[in-house]
Amino acid sequence: MVISCCAYECTNRWGKLKEDGTKLKFHLFPFRKPDLLKKWIVAVKRESWKPSKSRALCGDHFAETAYKTSTRRYLKDDAVPSIFSLPSHLQKPKRERALPIRHPLPVVPKKFKSKILQVDVN
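Counting from 1, position 110 in the sequence shown corresponds to residue 95 in the working numbering; the numbering is continuous, with no gaps.
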């Protein structure tokens, strides 16, 4: 059986070399960790889809911070895929922040300024 990445528009297959000449890593879905499995499924953003036990994601979909390094690279226990090239209808819309409305301070006529500053508090 050929292992291929199940992410949208990803054509990576097992045995393929990355640009730097190293083999591409594949990670099976974490079925033994139900909470983490849910996060992975949500991250993949495939409608009405559930992964089978043999489905995998390639290492291209994980940030460098998702790995722990010793002599070999391993995914951290809580790693979630986060790098995808999704079509525009599946991407989160980028919200532009509205600029705050700045109201000018009220103008106090000169004749009232002296009275306002000389308030006697007893």
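Each residue gets a CB set at the ideal place from its N, CA and C atoms; glycine is no exception.
With a cutoff of 8 angstroms on beta-carbon distance, P15 and W25 are scored as near each other.
In this structure A41 touches I(-12) by the C-beta definition: roughly 5 angstroms separates them, less than 8 angstroms. Residue burial annotation: G44 is buried, with at least 16 other C-beta atoms found within 10 angstroms of its C-beta. Counting every other CB atom within 10 Å of its CB across the protein chains shown gives H88 a total below 16, marking it as exposed. Beta bridge pairing from DSSP links C(-10) with A41. According to the DSSP secondary-structure assignment, F11 is paired through a beta bridge with C43.
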